[in-house]
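Asker: Read in order, the letters of the sequence shown are residues 17 to 599 in the numbering used here.
Sharing a structure below in structure tokens format, with a few things to ask.
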Amino acid sequence: MKKQIIGLLLSGLLLINITSTSAASAEDRQLRKIFSGWMTDYSTYGDTTKGQIQAMDYVVAHSEMFDQVLPFWYTLTSAKTIKDKYVTQNSIDKAIPISTLKSLGIKVIPTITDGTGEGVLSKIMGTDATRATLINTISELVTANNFDGIDLDFEGFAFVDKITTWPTIQPRWVNFVRELSTTLHSQNKLLSVTTPYLLDPITGKKGYYFYAWPEISEYIDRLNIMAYDYHKFDTAAGPIGPINWFEPSLIYALKSVAPWKIYIGTPNYGYNWVTKVTGICPTNTPSSEKKSSNAAIIHQLKAQAILDKPGAVATYNEKYGETNVLYTAEFNGINSAGATTSCKVSHSVWYVDARGYGARAKLVEKYRLGGISEWEIGYGDNLAIEEVKKVAIAMGQDKVVGDVTTSTENLLYGESVAFNGSFKLADGRPLSSVPVFMEIKRASGNSRRAVGQTAPDGTFQIKVLLGESTNISFSTDETWDRTLGSTPEKIIGISRVVSWSIPASMKHGVAYKVNGQVQPKIAGIKVILDDGITQVSGITAADGKFEIEVTQTKVGVRQFSIVTETEAGFLGSKSAPSTVLVR
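As structure tokens, then:
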């Protein structure tokens, strides 16, 4: 009687000749401009002789990272008046930084803050005539300076106006944003808004809900979320803008605002708090070392001085995406009575360093956001923007998502397997008419070869004849605007086909020959005849044939199976049993 072994799994070999094709190199990547930020009036061209920085130098040095800059130059004082803070701080004509930024391909979208008193701006927005006046005032500022748009940072609603007025502010704000958007868009200008955090109402927490992200989402082109000031100079020590605090707000924004419009407001500053004073400090101890004093601000640019303090210990907190530095300062001298005294002052510093910038950039990548907006440009160090750049390079290409299914994952040698797969961009758009490559990983070596191309809907179908168990995946080449696409790996198991025969009846004490052949034909394969008690083996010849001699010593009914052992390219297997009467 003839028997065949059922297939199991291992690693494999493709029967057809497979050659390797290289993908596009990583050097072809085009970074995505995901860096933005506010450039203040006092730091645009700061006085370096007084220790100030020049933000324009920073932008020019890293211009490939910037799609836009938000000059923090203007304050609204009435419906008709916007104060220009730049001209009071700088002798350099404002046209110079504007033209410099534009020559670098960077959009100039200046910020207007609310410089009115409590309730004033809400009242302006609440009346048709004054609202129209304000819209016209803003529009004229944009067109007169050839700005690319305007950014609204009206924080007075949140931090000046009474909470009881928030329900009234919301509809006024929404009307204003809608009408200003219509005016600016008719001039091909952009509307950006900057707000504190909002939270999903279903959580029971609203945040500063009256900024109404869902209601204004269709009218705005940018949303800068102020993901900072969780702890401030006048609070207890703690992280400035912890990721686990602002990410829920980000997720809520994504429910109504297009991802590419959203920017994470990112601080390059932190604070140095005095947390404990032990002993009596000398009279000449700096006032900043008193526990009653407000925390001192620090910036990335000058954080090394803190890290260099004697005994300073820095710890990066993954959950917060921030660094905490602890150190103790000691002061010796005399007290007011002239007696010798000393004290120890414990400090806790929190700030966002380069690792924190990288973590926030990865959120931009994760949620496919517009980018991060830095407060404030020029006070960050080069390491931080380089961490963002790494992510920007990776984001420069649209991510390709591959998927594949198979008709079976268990085959006999000589059988074929069908694959059905697809390649799409991360947003669901199909990748059509793109060459598809098959990636082979097997015991005898790896290879890659073109096997077809995707249909208009991004799908592909491939039928493959395999000669060994094989790990197979499919891929598309990397291009300048998309990543290399790859499907999950499928493990296709190939088992040897074993044909064999054994007498249906045997006489005990007499030797019998069991003959068979293994496919594929190869010499040296160990084949075992197993009756459940004893095992007798044989070895295949070059033509795959084998012969095993067996002698049964006891009368009865026996169940025989052929067993092959695990080896490179094939798994061990066991045939269905064959019944033999031993008489």
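Even for Gly, the Cβ is constructed at its ideal location relative to N, Cα and C.
Predicted, not measured: the structure shown is a model, and the values here were computed from it.
Could you tell me the distance, in whole angstroms, from the CA atom of N106 to the CA atom of M55?
Answerer: Position 90 of the sequence shown, counting from 1, holds the residue named residue 106. Position 39 of the sequence shown, counting from 1, holds the residue named residue 55. Each residue's alpha carbon lies about 13 Å from the other.
Asker: Compute the Euclidean distance between the alpha carbons of S265 and E425, then round it to the nearest angstrom.
Answerer: Here residue 265 corresponds to residue number 249 of the sequence shown, with the count starting at 1. Here residue 425 corresponds to residue number 409 of the sequence shown, with the count starting at 1. Using only the alpha carbons, I get a separation of about 44 Å.
Asker: Note down the Cα distance separating S591 from I578, rounded to an integer number of angstroms.
Answerer: The sequence position of residue 591 within the sequence shown is 575, counting from 1. The sequence position of residue 578 within the sequence shown is 562, counting from 1. Going from the Cα of S591 to the Cα of I578 covers about 5 Å.
Asker: Would you kindly report the start and end of the unbroken alpha helix (DSSP H) that includes G172?
Answerer: As a position in the sequence shown, residue 172 is number 156, starting the count at 1. Per DSSP, G172 belongs to the alpha helix (DSSP H) from G172 to F175.
Asker: Please tell me whether I236 and G281 are closer than 7 Å, where the distance is taken between their beta carbons.
Answerer: Taking the first residue of the sequence shown as 1, we reach residue 236 at position 220. Taking the first residue of the sequence shown as 1, we reach residue 281 at position 265. Their beta carbons are not under 7 Å apart, which means I236 does not touch G281 by this criterion.
Asker: Who are the Cβ neighbours of L441 in its own chain at under 6 Å, not counting the five residues just before and after it?
Answerer: As a first step, residue 441 must be located in the sequence shown, where it is residue number 425. Taken in chain order, the residues that qualify are D414.
Asker: Report the residue from P446, A370, T97 and T503 whose alpha carbon sits nearest the alpha carbon of N487.
Answerer: Residue numbering aside, residue 487 sits at position 471 when the sequence shown is read from its first letter. Among P446, A370, T97 and T503, the Cα nearest to that of N487 belongs to T503.
Asker: Rounded to the nearest angstrom, what separates A39 and K457 at their Cα positions?
Answerer: If you number the sequence shown from 1, residue 39 lands on position 23. If you number the sequence shown from 1, residue 457 lands on position 441. Confidence in A39 is poor, its pLDDT being 35 and thus under 50, which makes the residue's placement unreliable; the coordinate value appears in the next sentence. Looking at the two C-alpha atoms, the distance is approximately 17 Å.
Asker: If distances are taken between C-alpha atoms only, which option among F170, R574, F586 and T495 comes closest to V514?
Answerer: Residue numbering aside, residue 514 sits at position 498 when the sequence shown is read from its first letter. If we check each option's Cα against that of V514, F586 comes out closest.
Asker: Please work out which residues of its chain come closer than 6 Å, Cβ to Cβ, to V598, disregarding the five sequence neighbours upstream and downstream, and give them in chain order.
Answerer: Position 582 of the sequence shown, counting from 1, holds the residue named residue 598. Excluding sequence neighbours, V598 sits near M522, H524, Q568, V571, G572 and R574.
Asker: Using only CA atoms, which one of N531, L428 and M454 lies nearest to E505?
Answerer: Stepping through the sequence shown from its first residue, residue 505 is reached at position 489. The shortest Cα separation from E505 among N531, L428 and M454 belongs to M454.
Asker: Would you list, in sequence order, the uninterrupted beta strand (DSSP E) runs of no fewer than 3 residues that lie entirely inside the region 228-299?
Answerer: Segments of the beta strand (DSSP E) lying fully in the region 228-299: 238-242, 278-283 and 285-295.
Asker: My output table needs one value for E583: the three-state DSSP class, helix, strand or coil.
Answerer: Your numbering for residue 583 matches position 567 in the sequence shown. Of the three classes helix, strand and coil, the one that applies to E583 here is strand, per DSSP.
Asker: Taking the alpha helix (DSSP H) that D144 belongs to, which residues open and close that run?
Answerer: Against the sequence shown, residue 144 aligns to sequence position 128. First-last of the alpha helix (DSSP H) with D144: D144 to A160.
Asker: From this set, Q551, G560, A557 and I555, which residue's C-alpha is nearest V566's C-alpha?
Answerer: Against the sequence shown, residue 566 aligns to sequence position 550. When each option's Cα is compared against that of V566, the closest is Q551.
Asker: Would you call S589 buried or exposed, if buried means 16 or more other Cβ atoms sit within 10 Å of its Cβ?
Answerer: Counting from 1 along the sequence shown, the entry for residue 589 is found at position 573. Buried, because 16 or more other Cβ atoms sit within 10 Å of the Cβ of S589.
Asker: Using the DSSP secondary-structure output, state which residues sit across from E381 in a beta bridge.
Answerer: Position 365 of the sequence shown holds residue 381. Looking at the DSSP assignment, E381 forms no beta bridge with any residue, so it has no partner.
Asker: Use the C-beta contact count for G372: other C-beta atoms within 10 angstroms, 16 or more gives buried, fewer gives exposed.
Answerer: Within the sequence shown, residue 372 is the residue found at index 356, counting from 1. G372 is buried by the Cβ-count criterion.
Asker: Once DSSP output is grouped into helix, strand and coil, what is the label at R188?
Answerer: Numbered from 1 along the sequence shown, position 172 holds the residue referred to as residue 188. Three-state result, R188: helix.
Asker: Which of the three DSSP states, helix, strand or coil, is assigned to S304?
Answerer: Taking the first residue of the sequence shown as position 1, residue 304 is located at position 288. DSSP places S304 in helix when its eight states are reduced to three.
Asker: Could you check whether W366 and N398 sit closer than 7 Å to each other, using their CB atoms as the reference points?
Answerer: What you label residue 398 is simply residue 382 of the sequence shown in a count that begins at 1. What you label residue 366 is simply residue 350 of the sequence shown in a count that begins at 1. No, the Cβ-Cβ distance between N398 and W366 is not below 7 Å.
Asker: Which stretch, first to last residue, makes up the beta strand (DSSP E) that contains V407?
Answerer: As a first step, residue 407 is located in the sequence shown; it is residue number 391 there, counting from the start. Careful: V407 lies outside any beta strand (DSSP E), inside the alpha helix (DSSP H) at N398 to M411.
Asker: Going by Cα to Cα distance, which pick from A319, P113, G374 and I256 is closest to E402?
Answerer: For the purposes of this step, residue 402 is taken as residue 386 along the sequence shown, with counting starting at 1. Nearest C-alpha to E402: G374.
Asker: Between which two residues does the beta strand (DSSP E) harbouring D100 extend?
Answerer: Locating residue 100 in the sequence shown gives position 84, where the first residue counts as 1. Note, D100: beta strand (DSSP E), I98 to D100.
Asker: Is the region 328-337 close to the region 300-315, with three or more CB pairs under 8 Å?
Answerer: Not touching, per the Cβ criterion.
Asker: Which of the three DSSP states, helix, strand or coil, is assigned to P446?
Answerer: Taking the sequence shown and counting its residues from 1, the one referred to as residue 446 is at position 430. Strand at P446.
Asker: So which of S59, A520, D83 and Q70 has the shortest CA-CA distance to W276?
Answerer: For the purposes of this step, residue 276 is taken as residue 260 along the sequence shown, with counting starting at 1. Out of S59, A520, D83 and Q70, D83 has the C-alpha closest to the C-alpha of W276.
Asker: Which residues does DSSP list as the beta-bridge partners of R371?
Answerer: Residue mapping note: residue 371 aligns to position 355 of the sequence shown, counting from 1. Beta-bridge pairing links R371 to no other residue.
Asker: For Q70, which residues of its own chain have a beta-carbon under 8 Å away from its beta-carbon, when the five flanking residues on both sides are left out?
Answerer: Looking up residue 70 in the sequence shown gives position 54. The answer, listed in chain order, is S59, T60, Y61, G62, T64 and G394.
Asker: With DSSP as the reference, please indicate the residues paired to Y90 in a beta bridge.
Answerer: Working through the sequence shown from its first residue, we reach residue 90 at position 74. Answer by DSSP bridge pairing, in chain order: D100 and I128.
Asker: What residue does the alpha helix (DSSP H) around V76 start on, and which one ends it?
Answerer: Within the sequence shown, numbered from 1, the residue matching residue 76 stands at position 60. Start and end: A71 to A77.
Asker: With a cut-off of 8 Å on the beta carbons, I'd call Q203 and T159 a contact; round off their distance for me.
Answerer: Indexing the sequence shown from 1 puts residue 203 at position 187. Indexing the sequence shown from 1 puts residue 159 at position 143. Right, their Cβ atoms sit about 6 Å apart.
Asker: Does DSSP put F347 in a helix, in a strand, or in coil?
Answerer: Residue mapping note: residue 347 aligns to position 331 of the sequence shown, counting from 1. Residue state, collapsed to three classes: strand.
Asker: For P378, which residues of its own chain have a beta-carbon under 7 Å away from its beta-carbon, when the five flanking residues on both sides are left out?
Answerer: Walking along the sequence shown from the start, residue 378 turns up at place 362. Checking the displayed sequence, the identity of residue 378 turns out to be Lys instead of Pro. Only V407 meet the Cβ criterion.
Asker: How many angstroms separate the CA atom of E134 from the CA atom of T211?
Answerer: Residue mapping note: residue 134 aligns to position 118 of the sequence shown, counting from 1. Residue mapping note: residue 211 aligns to position 195 of the sequence shown, counting from 1. Rounded to the nearest angstrom, the two C-alpha atoms are 18 Å apart.
Asker: My assumption, with CB atoms under 8 Å, is that G286 sits in contact with V368. Please give the rounded CB distance.
Answerer: Numbered from its first residue, the sequence shown carries residue 286 at position 270. Numbered from its first residue, the sequence shown carries residue 368 at position 352. That pair is a contact at about 7 Å.
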